[in-house]
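Going down the list, the protein sequences come from chains A, B, C and D.
For what it's worth, numbering that gives the first Met the number 0 labels the leading residue of the first sequence as 0, then goes sequentially.
For what it's worth, numbering that gives the first Met the number 0 labels the leading residue of the second sequence as 0, then goes sequentially.
For what it's worth, numbering that gives the first Met the number 0 labels the leading residue of the third sequence as 0, then goes sequentially.
For what it's worth, numbering that gives the first Met the number 0 labels the leading residue of the fourth sequence as 0, then goes sequentially.
Note that CB positions come from ideal geometry on N, CA and C, so glycine has one too.
One structure is given below, encoded as structure tokens.
4 protein chains.
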Amino acid sequence: MGLLVKGGTVVNHDHTNRADVYCDNGKIISVGTDLDVPPGTEEVEAHGCYVMPGGIDPHTHMQLPFMGTVASEDFYTGTSAALVGGTTMIIDFVIPSPQQSLMEAYETWRGWAEKSVADYSFHVAVTWWDESVSADMGTLVKDHGVNSFKHFMAYKNAIMCADDVLVNSFSRCMELGAIPTVHAENGELVFHLQQKLLKQGITGPEAHPLSRPPMVEGEAANRAIRIAGTLGAPVYLVHVSTKDASDAITYARANGQQVYGEVLAGHLLIDDSVYQNKDWATAAAHVMSPPFRPPEHREALWKSLQSGNLQTTATDHCCFCAEQKAAGKDDFTKIPNGTAGVEDRLTVLWDQGVNTGRLSMNDFVAVTSTNTAKIFNMYPRKGSISPGADADIVIWDPKATKTISAKTHLQNIDFNIFEGMNVTGLPVKTISQGELVWSDGKLNVTKGRGRYINRPSYPPVYEILQKRQALNAPKAVERTAQ
Amino acid sequence: MGLLVKGGTVVNHDHTNRADVYCDNGKIISVGTDLDVPPGTEEVEAHGCYVMPGGIDPHTHMQLPFMGTVASEDFYTGTSAALVGGTTMIIDFVIPSPQQSLMEAYETWRGWAEKSVADYSFHVAVTWWDESVSADMGTLVKDHGVNSFKHFMAYKNAIMCADDVLVNSFSRCMELGAIPTVHAENGELVFHLQQKLLKQGITGPEAHPLSRPPMVEGEAANRAIRIAGTLGAPVYLVHVSTKDASDAITYARANGQQVYGEVLAGHLLIDDSVYQNKDWATAAAHVMSPPFRPPEHREALWKSLQSGNLQTTATDHCCFCAEQKAAGKDDFTKIPNGTAGVEDRLTVLWDQGVNTGRLSMNDFVAVTSTNTAKIFNMYPRKGSISPGADADIVIWDPKATKTISAKTHLQNIDFNIFEGMNVTGLPVKTISQGELVWSDGKLNVTKGRGRYINRPSYPPVYEILQKRQALNAPKAVERTAQ
Amino acid sequence: MGLLVKGGTVVNHDHTNRADVYCDNGKIISVGTDLDVPPGTEEVEAHGCYVMPGGIDPHTHMQLPFMGTVASEDFYTGTSAALVGGTTMIIDFVIPSPQQSLMEAYETWRGWAEKSVADYSFHVAVTWWDESVSADMGTLVKDHGVNSFKHFMAYKNAIMCADDVLVNSFSRCMELGAIPTVHAENGELVFHLQQKLLKQGITGPEAHPLSRPPMVEGEAANRAIRIAGTLGAPVYLVHVSTKDASDAITYARANGQQVYGEVLAGHLLIDDSVYQNKDWATAAAHVMSPPFRPPEHREALWKSLQSGNLQTTATDHCCFCAEQKAAGKDDFTKIPNGTAGVEDRLTVLWDQGVNTGRLSMNDFVAVTSTNTAKIFNMYPRKGSISPGADADIVIWDPKATKTISAKTHLQNIDFNIFEGMNVTGLPVKTISQGELVWSDGKLNVTKGRGRYINRPSYPPVYEILQKRQALNAPKAVERTAQ
Amino acid sequence: MGLLVKGGTVVNHDHTNRADVYCDNGKIISVGTDLDVPPGTEEVEAHGCYVMPGGIDPHTHMQLPFMGTVASEDFYTGTSAALVGGTTMIIDFVIPSPQQSLMEAYETWRGWAEKSVADYSFHVAVTWWDESVSADMGTLVKDHGVNSFKHFMAYKNAIMCADDVLVNSFSRCMELGAIPTVHAENGELVFHLQQKLLKQGITGPEAHPLSRPPMVEGEAANRAIRIAGTLGAPVYLVHVSTKDASDAITYARANGQQVYGEVLAGHLLIDDSVYQNKDWATAAAHVMSPPFRPPEHREALWKSLQSGNLQTTATDHCCFCAEQKAAGKDDFTKIPNGTAGVEDRLTVLWDQGVNTGRLSMNDFVAVTSTNTAKIFNMYPRKGSISPGADADIVIWDPKATKTISAKTHLQNIDFNIFEGMNVTGLPVKTISQGELVWSDGKLNVTKGRGRYINRPSYPPVYEILQKRQALNAPKAVERTAQ
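What follows is the structure in structure tokens.
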């Protein structure tokens, strides 16, 4: 049975107009006024509301095994919280251990994700290198709908990639039509600073940002970008948190390079004063990498988002509760890194982005949904209110308000980094796969209803990259014998 | 009777897909495969071709009275040449003389334009200031579908605006929801340099670029941008020809300001060596303002177009034949300024933009059509292949080739700045208002079929500008009596 | 009788070394250890102290008639305060009224300055234009030791220069080997915003910064720089107070242009929160143009000073007491613009510059003295501790401390913008023309002992400007008759 | 016996003035007019000439064992050529093999250098890491007058430093008051591209620049700078050859970081078209790393030199004759990397820098001599014409001309990259250690007269670095027990 979103104003990434939206069989069938719909069609009231593509969070870590524990939010609770927050799809990460087969890790994560209630997909991390990794990358792209690979430049002695791995893996991505993504922090510097701080007796959460100053990210961002640029590859930087990294992206884009940057809701709103909190647990609850930054970085990130030099927003949703965080009581390097946000992203971005005139509503749709769909080759199936698209829709009441709190959120974590923030503009209804799953404060989902989304290789960016590669092919100079 | 574009690949600004396009009553009715169309629908073959929104040239001067003569291309011949080149709409300029009523000038131009064969609209120039100008701006916006006003910062002792006029007019634009546009060259400097060069006995066309060096444009671009920024107004810079001006735009955009930049096909392809031509007529044929520039500027313009810091492409199509140019035989300041291009813009941009991997096909559509439609509030009526849009379509054969020449072009001018250029990728068919007007090398139009297009006030950019204005409203500090 | 500064460490702009300094007849005779000095030479103890070139303040307005009143500090009191603060020379401004003869104004100021107790010189303002102004500029340069001319881009309806005056005057400077300087604020925008604010009923000092937002300065700075660049002239921007203007200078310098920027001690230390003060008099006491700025500008100014993109520091010392400021009680545009600082500049810059590691001691000397001497062609007579230089010396105790206050300062004004600031590092002794004039908290001077300093034309920057001018001279293309 | 340079104009980095220079015992005794000199003093005629500090070349490789051969120029011939070219001091490099003791290598190079005829000093390379390297660095700084250490980021599988070595060595430099220097090219990328090109059958010298594109340098420059910045260390980049690397330096300096950049005369004058030469030997003769670059980089380097973002000029003088180059006949990676220039540096820089108005004569002195002396803590002993300085002087005839050629140069190599260049401005006389060693086209030196110059630790830059380090020392947050 179909469903008609009625009376709302449709906001796409490039246009806003008054229109109803008719969905059936999980797809959007038509968009317009005076639509001809079958009798018995369920009506979803949207007067006074904006009707937008459901959010896509390109960066989550549900039930991640990390730093000796496992993230408290699993794929069921996590995708539930996402739907409540208007996010209808996540892209999570498969993270093989060094020497572990990529395929094996991939299958493990696929198994974990089966309980999801919203659509999902996976970036797969390359944490080591040999021929089998290269072969598995091919299999994942060709047979499993993976079109992006993640590289950690931090976490020395664990999953860090040195430059040779980056060079090999980025080159392989080029062969496969995939997007390399990077966590950009210089792991050698982080390691050095961590050891030094511990030696100096600075062991609390306040040492966390000191061990990862902005330049550490700026360096790695630059490195990844130039390696990609040299090879002619695209590159996507996850969780850009500093002016330094954002400037690196801007510089490369201004020079014609194909670089993308993602920014977390948290980095746009919160600064590094949290690590000075006298309460250890509060300070530790904010430990994530990259850390929250001095305020001037926040402003720079907003500006880059406005100017299009950053394109996507995410959360790096990775939940650890107080007792998990306590593992690092005497040593900040042992505090599990991660914060939540999948439920709050859209709301805080609307409040601080749209209500402030930083972003238009169209920009909001672009940075919360459409751009991710485009970059990772799911557009216009995802990220669009248009005929033929998946019926993943958020209905937004710009006048509704609430106060964010861990007490009321659905996320499976005992802390909320946006605690106490009063926001105006809320996702009052969420439609996923054509079903009204969140409405009137009620979530109505069946475990496992979420689908794995295949992402085809060769996203649009390859059109120009391949032309450039052909034009720039090296040529030998013909010389006569001497 | 409807018309079905069949077998092609539709390229919009944000997506490419295989689809047919059904048009009727001048509108696009449906886009997709296996479309249900009425019997008797005319079929337009598009296999192997791209089906794109018709080009919009936001900067033409048909039959402009200027520098003692009148541009040789009129609205009939000019819009004909446009259609042949795949451009289905132009925005021309109403240019009142100082002290002339804006309304009077507007009516004059409307009369001239009635013979057009493609759709058209007008920017109206503000060349002087008093209350009547302010009132006429209101009338034009509210009753005549004008949403943009042009300001010349050059042409001292003629139509140049000093800063007070810019400040008044930009402020008025803000009240009306209109877009101020500027020709950015510092007229005082140009005047000074012209006098100096003439005094030095340098009177040929080679003096033209010397009298308008890049900084002269960089200065004015910066000035217009900062004046707009101070007032909270948007601003659109026509014919950005220098790295200097492009850098000014990039700087402002990176700081969150709403600034747009247009670049001419000529400035992207041709450099200032043309003024050194030993043949006076050839050198003079290239005299336009701003002039062609040293090669490094060209590269900078391409990069800004790629990175989105420039958004639109145009031609400043303004034709003067050899005998008109000869008026400046002994004094370069008397050579009528202008070059042609409305017929060639799409072709040369495809050849040098898309074929080289500088721009994707989607970028091409954006910079030749969609972005102009968005900025000047005609989107998605114009600039889009989607249901409900005007059926203005270009069918592009990426393998077709030709050599550009004044001998074969339709433009009413005896010179072509792209003479001899071999291009690959041509507009083989053009549909305007749902009619196949250009096909198989034949133009099939009736004089006067072109329509004046009303452009509503308050284009999308005002959504955020108005929020910012409200948030930044000045407040008095309350002080107790002392 | 000579004087020997003994036991100190000499700090010049390019080197620091342990040395004594022997002075006689107003000049430095020798610098080194174990100097051979005549018996009876007065010894000035400098153990534990730094011995540096006396400060030069390139921007003061003693007893300036302005906005209906006269600055309270005259040349006698002002130069006295300067000596107490370690500043041994000022460059003040001759400001003719529009239509007033430059020579007449110059003579007037020369008369006022005769009571000075430190050396002084004059920039002369060009506030209007005709042939007599051009002629007087020649006379001043050739016969009166003036090598710099000031241009106000603000103060509409008073002393503001429009672009044609800038173009003419900068060109004339080039002919004469003089340095054009500018007060960079767009006067049209300031006027517009002032009127608007008054209309909105915002009449207090808080309106002052609102009427001169940072872009207003950025615009004018860019304009002046590009006009100079186009003409091949050097340009010196006084009181750069914004990131915007500083970026404009940096951009030009990175492109090979000869541009200089001055920053005021006040702009480096104080932000715009002062205008929100609930006490009208306190807020009004900070009214100067350009105004104090949001904190991010301060940081940008420091960085530009560190990187050499700004070269000099000044005060714009222009004193108005509370009752003078009260003239603008009901209209902020009538508050006399100006603040003091000639006594505090060196101290606050040492405290916030050297003690913080922002500047080296050599940098400190460069930005407080040497660079000004170089730019305005007095080096190494001024700005250097070397044989042959004028014996203008400050002896600095890096450990001495005090709290700045209007209660204890010598400046003839009832307010100190640095009130309450605790500083470490003080000028404990000052030598002017070889005489110990300030020591042990006592000032020992005779009215009128200060000398007018002739500054020769063609400062060093002209070496390269003239070469470039010759190389870039325009050339006609030879064409055969047609 | 003393020596009097008479009649010339002394040009120092900060001032130009007419003066004679009296030298004795290898030192400059006095500078001025009407100097009182002992009878019998030798007079060196300098009328019409400039008298400048002798050049210092901070980057040479005399008799370097490299790539299976040994550089053809040894310390005797090399320093002889230097003197002929007006360069009175070189800083060469001690390059230990991996696992070789730094002290052992240092002693070897000291031995080789004993035959030098001009003063010299050594940077010592850190090519591997363990405690002994750290200890040897201490010994070299404390006991052997070394204050700079070099790091190669290229040359994988040979002397390349990975990030951990950079972090350790830069940290050690900070402890010792030494300057880390880097050869900035990403060795992993170079290696990858070399293998790929060879596989593609592109084996000639044209492959050399393709294997080291500009981004490869930009990446490494950024990395070294950010690593230094994170640690609070200074850093000096040798042979900056790209806009990319220069931009990285400019960015860091604009943000207050202490970064220095050196540029080679060759990179300022020659572009990458040389590698397309049809003659293999000619193309191979230009093989050096980093390679010559596309012309736009050259212009960027000049601008950075003008704006002070690059501070020093060098040659990377490393000579291999045709038969040595031929080792890479079938494999460009085996062509010994290196070109000459120590004899030509001053001349070509004067011709293309001073004669063109790019640099003032003072700038010329700064970038050829003084800045190197300052950065490496030899100023004002070296790099200055002032009493107490070493009497290393070049007497420059700005009107003298010659044509550069391998046929006439003294350098021990059969090729000159500046072959055929006509230059105006020549070093007509050179004084080293107070002796007239080059005059009237004759070199008058005794083997071994050159001295090893100790360079003290803690160059001036450490003044501010140490203050910043103290201010930024990390602090623990005090928290109550929980």
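*Between which two residues does the beta strand (DSSP E) harbouring Tyr21 (chain D) extend?*
Counting along the chain, Tyr21 (chain D) sits inside the beta strand (DSSP E) bounded by residues 19 to 23.
* Length at least 4, wholly inside the segment 152 to 217 of chain B: the alpha helix (DSSP H) runs in chain order -> DSSP assignment within the segment 152 to 217 of chain B yields the following whole alpha helix (DSSP H) runs of 4 residues or more, N-terminal first: 162 to 175, 186 to 198, 206 to 209.
Could you tell me the alpha carbon to alpha carbon distance between Leu442 (chain A) and Asn370 (chain A), rounded to whole angstroms? Going by the C-alpha atoms only, they are around 27 Å apart.
- prompt: Using a beta-carbon distance cut-off of less than 9 Å, what residues from the segment 266 to 294 of chain D approach chain A?
  reply: Those would be Tyr274, Gln275, Asn276, Lys277, Asp278, Trp279, Ala280, Ala282, in chain order.
Spatial neighbours of Gln98 (chain D) within its chain, please: CB distance less than 7 Å, with the 5 preceding and 5 following residues excluded, ordered by chain position.
The residues are Trp127.
Worksheet entry | Residues near Phe74 (chain C) in its chain [Cβ-Cβ closer than 8 Å; skip 5 each side] | Within the same chain, Phe74 (chain C) has close Cβ partners Met61, Gln62, Asp91, Trp111, Ala112, Glu113, Lys114, Ser115, Tyr119, Gly449.
Using a Cβ-Cβ cut-off of less than 9 Å, list which residues of the segment 348 to 359 of chain B approach chain A; keep chain order. Residues passing the 9 Å Cβ filter: Val353, Asn354, Thr355, Gly356, Arg357, Leu358, Ser359.
Practice task
Check whether the Cβ atoms of Ala117 (chain D) and Ala70 (chain D) lie closer than 8 Å to each other.
Solution key: No Cβ-Cβ contact shorter than 8 Å links Ala117 (chain D) with Ala70 (chain D).
Quiz item: Unbroken beta strand (DSSP E) runs of length 3 or more, entirely within the segment 212 to 265 of chain A: which are they?
Solution: Qualifying beta strand (DSSP E) stretches, in chain order: 234 to 236, 258 to 263.
Q) Taking Gly440 (chain B) as the reference, which of B:Pro458, B:Leu470, B:His408, B:Asn453 has the closest Cα? A) Checking every option, the nearest Cα to that of Gly440 (chain B) belongs to B:His408.
* To do: Starting from Phe92 (chain B), trace the beta strand (DSSP E) both ways and give me its first and last residue.
  => Element bounds for Phe92 (chain B): 86 to 93.
query = Going by the CB atoms, is the gap between Phe148 (chain A) and Ala177 (chain A) shorter than 8 Å?
reply = In this structure, Ala177 (chain A) sits near Phe148 (chain A), with a CB-CB distance shorter than 8 Å.
(Q) Give me the subset of the segment 192 to 203 of chain B whose CB atoms are less than 9 Å from a CB atom of chain C, sorted by chain position. (A) Cβ proximity to chain C below 9 Å picks out Leu192, Lys195, Leu196, Gln199, Gly200, Ile201, Thr202, Gly203 from the segment 192 to 203 of chain B.
- request: May I ask which residues mark the beginning and end of the beta strand (DSSP E) holding Glu41 (chain C)?
  value: Note, Glu41 (chain C): beta strand (DSSP E), 41 to 44.
CA-CA distance, Leu425 (chain A) and Ala264 (chain A)? So the two alpha carbons sit approximately 16 Å from each other.
- Task: To the nearest angstrom, report how far apart Ile464 (chain B) and Pro458 (chain B) are at their CA atoms.
- Result: For the sequence presented, residue 464 (chain B) should be read as Leu rather than Ile. Computed Cα separation, rounded: 11 Å.
- Mind listing the chain A neighbours of Gln99 (chain B)? Cutoff is C-beta to C-beta under 9 Å, in chain order. Neighbours of Gln99 (chain B) on chain A: none; closest Cβ ~37 Å, over 9 Å.
* Asked: Curious, which full-length beta strand (DSSP E) runs of at least 3 residues does the segment 372 to 443 of chain C contain?
  -> Listed in chain order, they are 392 to 402, 421 to 431, 434 to 438.
Checklist entry - Which term fits Thr17 (chain B), buried or exposed, when burial requires 16 or more other beta carbons within 10 angstroms of its beta carbon? => result A small fix is needed here, since residue 17 (chain B) is Arg in this sequence, not Thr. So Arg17 (chain B) ends up on the exposed side.
> With 16 other CB atoms within 10 Å as the buried threshold, where does Pro455 (chain C) fall?
Replying inline: When all chains shown are included, Pro455 (chain C) counts as exposed.
Would Pro289 (chain B) be called buried (16 or more neighbouring beta carbons within 10 Å of its own) or exposed? Sixteen is the threshold: when 16 or more other Cβ atoms of the shown chains lie within 10 Å of the Cβ of Pro289 (chain B), as they do, the residue is buried.
Q | Beta-carbon proximity check, Ser133 (chain D) vs Arg171 (chain D), cutoff 8 Å | A | In contact: Ser133 (chain D) and Arg171 (chain D) (Cβ atoms closer than 8 Å).
- Message: Let me check understanding here. Comparing Cα to Cα, which of A:Met136, A:Ala299, A:Leu2 lies closest to Ser100 (chain A)?
- Response: The shortest C-alpha to C-alpha distance from Ser100 (chain A) to any of A:Met136, A:Ala299, A:Leu2 is the one to A:Met136.
Taking Cβ-Cβ distances shorter than 7 Å, what residues in chain A pair up with Ala475 (chain D)? By Cβ distance, chain A contributes Gly200, Ile201, Gly203, Glu205.
Near Gln193 (chain B), which residues of its chain fall below 6 Å by C-beta distance, leaving aside the five closest residues on each side in sequence?
-> Answer for Gln193 (chain B): Ser210, Thr332, listed in chain order.
* **Residues within the segment 373 to 403 of chain C neighbouring chain D, beta-carbon criterion of under 9 Å** => Answer set for the segment 373 to 403 of chain C: Lys373, Tyr378, Pro379, Ser383, Ser385, Pro386, Gly387.
To the nearest angstrom, how far is the alpha carbon of Asp330 (chain B) from that of Thr202 (chain B)? Taking the straight line joining both Cα atoms gives about 5 Å.
(request) Tell me, please, whether the CB atom of Asp162 (chain D) is closer than 8 Å to any CB atom in chain A? (result) Yes, Asp162 (chain D) lies at the interface with chain A (some Cβ there is under 8 Å from its Cβ).
Q) Roughly how many angstroms lie between the CA atoms of Gln256 (chain D) and Asp413 (chain B), to the nearest whole one? A) Gln256 (chain D) and Asp413 (chain B) have their C-alpha atoms some 58 Å from each other.
For this session: Enumerate in chain order the residues of its own chain whose CB-to-CB distance from Met102 (chain D) is below 7 Å, with the five nearest sequence positions on each side excluded.
Result: Once the five neighbours on either side are set aside, the close Cβ partners of Met102 (chain D) are Asp135, Thr138.
Item to complete: Select from the segment 223 to 239 of chain B all residues with a C-beta closer than 7 Å to any C-beta belonging to chain C, and list them in chain order.
Response: Those would be Arg225, Ile226, Gly228, Thr229, in chain order.
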